[in-house]
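**Student:**
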Amino acid sequence: MTVSPAPAEALLSEAQEPGRDRAPRGMSGARAHGLAAITAVYLLWSLVPVAVVVLFSFNAGRSRSTWQGFSLRWYTWDPDGSVINDESIRNALTHTVLLAVIATAITVPLGVLFALALDRWRGRLPAGANFLALITFVIPEIALAIGLLFMVTYLATPFGLGTTAQIIGLVTFQLAYPIVICRARLLTISAHYEEAARDLGATALGAVRRVILPMLFPAILVSAILVFADVLDNFVLVRYLSSDASTETTSMRIYQVARAAPTPALNAMATIILVVSTLVIVVGWLLYRRWSKRQGESTDLSSFAGNL
Amino acid sequence: MADRPRPPISRRRLLQASALGVPGAWVLSSCARAQPLGSPAPAASAGGGSASAAASLPPLTEIPIASPQNPVKWPINPGNEPITSGLEPEMNATLRVYNYPDYVYKRVLKDFQAEYADYNVKVELSTFNDLPEALTKIRSGSVPFDVGFLTYNYMGKLVYGDLIRPLNHDYIPNISDVWEEFQNPFYDQGWQYTVPYTIYTTGIGWRHDLISEDIGARANPYDVFWDTKYAGAIAVLDDDREVIAMTILRNGGTDVNSGDPAVLGQTRDSMLEMLSVSQPRVTITGYTDIPEGTMSLSQCWSGDMITGQYYLPEGVDPGLLRYWSPPTGQGVIGNDFLCVLKGGENPVMAHHFLNYMLKSEVAMKNLSFVGYQPPLRSLTPEAMVADGLLPANLAGAIVKPEWFQVGYPLLELPVAVEGEYQAIWQQFKSGG
Amino acid sequence: MPDRTSRFIWPILGLPGIVWIALFFLVPLYVVFCVTFGTVDPIFRSPVPAWNPLEWQFEQVVVVWDRLVGPNNFYLPPVLRTLLYVVVAVVACMIIAFPVAYFTARYAGRHRALILALLVAPFWISYMMRMLAWINLLQPDGLVNSIITLGGIIPLEVNWLSGNPFTVVMGLIYGYVPYMLLPLFAALDRISPSLIEAGRDLGASGFELFRRVILPMSVPGIVAGTLLIALPMMGDYFTSDMLSKSPNTSMIGNLINLSIATPGQSGQAGALLILVLLVLLAPMIWYTRSNAKAEVRS
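Residue numbers (numbering that gives the first Met the number 0), protein chains in the order written: chain A, 0 to 307; chain B, 0 to 431; chain C, 0 to 297.
1. Mind listing which residues of the region 126-149 of chain C have their C-beta closer than 8 Å to chain B's C-betas, in chain order?
2. Relative to chain C, which residues along the region 48-76 of chain A have a C-beta separation below 8 Å, given in chain order?
3. Looking at the structure shown, is A/THR156 part of a helix, part of a strand, or coil, going by DSSP?
4. Taking contact to mean at least 3 C-beta pairs separated by less than 8 Å, is the region 223-234 of chain C in contact with the region 134-150 of chain C?
5. Would A/ILE272 and A/LEU212 qualify as a contact pair, given that the criterion is a beta-carbon distance under 7 Å?
6. Run through DSSP, which three-state label would B/TYR159 get?
7. From B/SER211 to B/ARG376, what does the alpha carbon distance come to, in whole angstroms?
8. In the DSSP assignment, the alpha helix (DSSP H) including C/ASP200 goes from what residue to what residue?
9. So, under 8 Å CB-CB, A/ILE236 and A/LEU169 are touching, yes? Tell me the CB distance rounded to an integer number of Å.
10. Taking C/GLY252 as the reference, which of B/TRP73, B/LYS428 and B/GLN68 has the closest Cα?
11. Determine the contact status of A/THR65 and A/VAL226, defining contact as a CB-CB distance below 7 Å.
12. Quick check: the Cα distance between A/ASN233 and C/SER125, rounded to an integer number of angstroms?
13. Which of the residues in the region 52-68 of chain C, read from start to end, lie with their CB under 7 Å from any CB of chain B?
14. For chain C, check one thing: does any of its Cβ atoms lie closer than 7 Å to the Cβ of B/SER429?
15. So what does B/ASP335 bridge to, in DSSP terms?
16. Taking the straight line between their C-alpha atoms, what separation do you get for A/TRP44 and A/PHE57?
17. Report the three-state DSSP secondary structure of B/SER125 (helix, strand or coil).
18. Please name the residue, chosen from B/LEU366, B/HIS351 and B/LYS341, that lies closest to B/GLY160 on a Cα-to-Cα basis.
19. For B/ALA42 and B/ILE332, what's the separation of their Cα atoms in angstroms?
20. With a cut-off of 8 Å, do at least 3 Cβ pairs link the region 242-258 of chain C to the region 54-73 of chain C?
21. Should the region 97-107 of chain B be regarded as contacting the region 367-375 of chain B, the criterion being three or more beta carbon pairs within less than 8 Å?
22. What separation, rounded to the nearest whole angstrom, lies between the Cα atoms of C/MET179 and A/ALA196?
23. Determine the chain C residues that contact B/GLY292 at a beta-carbon separation under 9 Å, and present them in chain order.
24. Along chain C, in chain order, which residues have C-beta atoms closer than 9 Å to that of B/PRO279?
25. Kindly provide the ranges of any alpha helix (DSSP H) runs that are 4 or more residues long and lie completely inside the region 70-137 of chain A, ordered along the chain.
26. Where does A/PRO139 fall in DSSP's three states?
27. Measure from the C-beta of C/ALA270 to each C-beta in chain B and report whether the shortest distance is under 7 Å.
28. Taking DSSP as the reference, what is the three-state secondary structure of C/TRP55?
29. Can you name the residues of chain B whose CB is closer than 9 Å to the CB of A/SER276?
30. Would you tell me roughly how many angstroms separate the C-alpha atoms of A/ARG208 and A/LEU215, rounded to the nearest one?
31. Nearest chain A C-beta to B/GLU475 closer than 7 Å, yes or no?
32. Just the chain B side, please: which residues come within less than 7 Å of C/ALA91 by C-beta, in chain order?
33. If we ignore side chains and look at the alpha-carbon of each, how far apart do A/GLY68 and A/VAL221 end up?
34. Just to confirm, is the Cβ distance from B/TRP266 to B/GLU241 under 7 Å?
35. Where does A/ARG63 fall in DSSP's three states?
36. Is any beta-carbon of chain C found at less than 7 Å from that of B/VAL416?
What follows is the structure, given as structure tokens:
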């Protein structure tokens, strides 16, 4: 699934300046109210179904449509079906989080380095690579998935289908996030900072490490969050590149079981993944807020140079 | 909102950039798998090179097709001899089992782990949706599956693709409980490679409160899938062979393995007609869809409605489930088997697993969940009814031994015919 | 004080990314071509890729082409169906997203951050979970049927989940509309309030203001949103699988997904995929380049 990253970053910065009232003076209240009503209905339509999934994960009975009382049965004590007791659900959860952690840990450094290089390195090779990276951003996922599936099947790759192939596919598909986000940020960071740092005696590498990377922090953070959340959600790539049950993710589990014989344990599993991604975002936002507060104290050049 | 490629890319530049990859093509070709995984291995006769006609087949011009009229004793490829007797099961094994979803009771697998706790075995169940998918994955060699729950219409490909391991009978004493005819089945003479798992018929399942009609009383019960009355409420199996066979039977044919272009053309037209007349869903989940009422009626296997009782919503009477297959036995009939796959890492434990599944108590426990009967002497239909596994309304789901004499098994197809079947199926699944 | 390392440092930093993209994006795409233009094993009907472009054969392309435009063109219905679903879903997404994005950008006031957070929420909720939500709601005894029948009073049982095209399109809209909302919001947010007021001072009516100022200025957002949702929808097979499972709602993605798992049809899946990519190539390039332009402008 492709997400446009810029608005997400906008959201994070948006959170910094709440209460910005941009309604023009003298607009008709009726229109605003009408639009407000549409927005409210949309939000209900968008979120209530999900809330129902969460609600029924606490159902005491087997049904996913008839409420039979509150219980933690499908999380803990049901002997066969609960998240704790059903090994396939447990495994899907751990494997999904594992993929998200590893894929993020590879994608973000790879993308950040690439973005840094593109910022300075001119030529056909980097331009072509950049173009391809952007194409991975919009290509239908099934194309990349089938390509990698064929590659693993027909070329003597040192890895087979399974976790490694899944990670490779995910990194390739997500690589555009850090590249795009970091490059947008790099455009706003003046080259002067780096030159000044160099004038004060830093090597090129030192300038990158001490000046540019710290200033890229928000972009790195945002791309890490986006990649992590998107990997948790991925379905097409992880399914095509999976091998056996040990490489099944939560989205594959939902796809397989939702139309067969689901119990509320499936809802419980989906709820847990929702909690995981929410946690990651909240932590990311807190980090971001701390960073920008600290930046507010010392953003002038001399303090940077002093740190060198 | 995104990025500025600097300098902007011209079309020419793009071509040049992509041209960089092309010289690498020859590098790739040298990386190609020298022999695609699971590709045909030279066939040789079984140990000792007996004079058995079946065992001295030509290497690979055409795979022989096993049928009740033409039982086949498969060759054993050199280097693929059975494991020797008296080996200890592997320690700390992860026994990888490959099966349809919901087609084995998870408690049975847990019990097996407990019984072999000394060896610290872990059973890992992976699932496939249909056999072509399973065969593709097994052949890719990407997963070392130990045990397969498969069907005999891919038997030749399993043997000639070098995907399956011959059995050492010493490890499987429980075979003695298996029906006589399944100790020497037509698809695997001398049970060199397989032990039977379950037997089944293919028929029609429905919920009596949603479809009040007695489907079996129709002159041609299969016609129900071409009945506008049930449009949008019915399903056929997500299995090319089953739907094509059902359509052939409905049109009055009996050769469910036909390669006759006229028959296949007519069959295809009928299937497309079904799409427009009754808009069936295509799925193997009738065993939950019917009990839950998502579907009213579905083509299904005999075990589906028995296991369906387990999926009934609370408060729905189990007596409402119905199953019909031709009471004369002249319908699609078959069985699945268990086999040890060659790519597996734990062949000894796999043998123990096969033996375990044939144990009477285990089979009984498994039956209580999956709903399919194993062909074991100790598990007679009478005993099943007496034990309450089969309620009276589902008596039709019991497979009678004599039906194997008159029923129509789905056999392996010649390569060209198989291609025809799959083309018809693709057309059907793409919605006309 | 130029040091020697600085000349090489940028290529060295960029190299891992370039190698990665070459190995895991270009090579796989090339393998798709090799499989598609290769041959098929006569017994197992598994593909035998042709690695050398000079040995490429185009049988599979002919087969696929024939099924698209030949006398027995059974690929055509899913292709047309996909186009129809995508167009309907995109238009619906636009109709839904526009007022919501406009409200959030212009009138949300104090609640802006909260509303934005709620609008973004679906990004963090797995697509499959959101489809699961609708499967639950659309069951015969689910909430939707309870509501439209007023709890069983009106005898109007709709079977939503068995090949109902409406359900599939609804699923697509539900699944993809957030991806339309955000670019649209970003574009609308850029319109300066003073511009609107200037228009109003010049006597423009509400509708004229919309037609002459707001709509033209939101075009980049509309275009970006359309591409962002239309491109992945073209390869979508799981929405139809989850919400319908009927051939009557098969899309191109379903066709490709089915062929991949069937012996002897991998080449056809590859050929279909290449056709889809060819059709989408122009919009994909256009999207990446228009993004670049937008960046320059801002």
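All residues carry an ideal CB built from backbone N, CA and C; glycine is no exception.
The structure displayed is predicted, hence computed values, not measured ones.
**Tutor:** Quick look at the numbers:
1. GLN138, PRO139 and ASP140
2. PRO48, VAL49, VAL51, VAL52, PHE55, ARG63, SER64 and THR65
3. coil
4. no
5. no
6. helix
7. 37 Å
8. 192-200
9. As written in the sequence, residue 236 of chain A is Leu, which differs from the Ile given in the question. The pair is a contact, with the Cβ atoms about 6 Å apart (cut-off 8 Å).
10. B/LYS428
11. no
12. 8 Å
13. PRO52
14. yes
15. B/THR150 and B/THR197
16. 21 Å
17. strand
18. B/LYS341
19. Note that B/ALA42 scores a pLDDT of 38, beneath 50, so its modelled location is shaky; the value from the coordinates is reported in the next line. About 30 Å.
20. no
21. yes
22. 42 Å
23. GLN138, PRO139 and ASP140
24. SER161, GLY162, SER245, PRO246 and ASN247
25. 86-119 and 123-137
26. coil
27. no
28. coil
29. Here the premise fails: no neighbours, minimum Cβ distance about 23 Å.
30. 10 Å
31. Residue 475 of chain B is absent from the structure shown; chain B starts at 0 and stops at 431.
32. What C/ALA91 touches in chain B: nothing, since even the nearest Cβ is about 22 Å away.
33. 40 Å
34. Before going further, note that residue 266 of chain B is Thr rather than Trp in the sequence given. Going by C-beta atoms, B/THR266 is not nearer than 7 Å to B/GLU241.
35. coil
36. no
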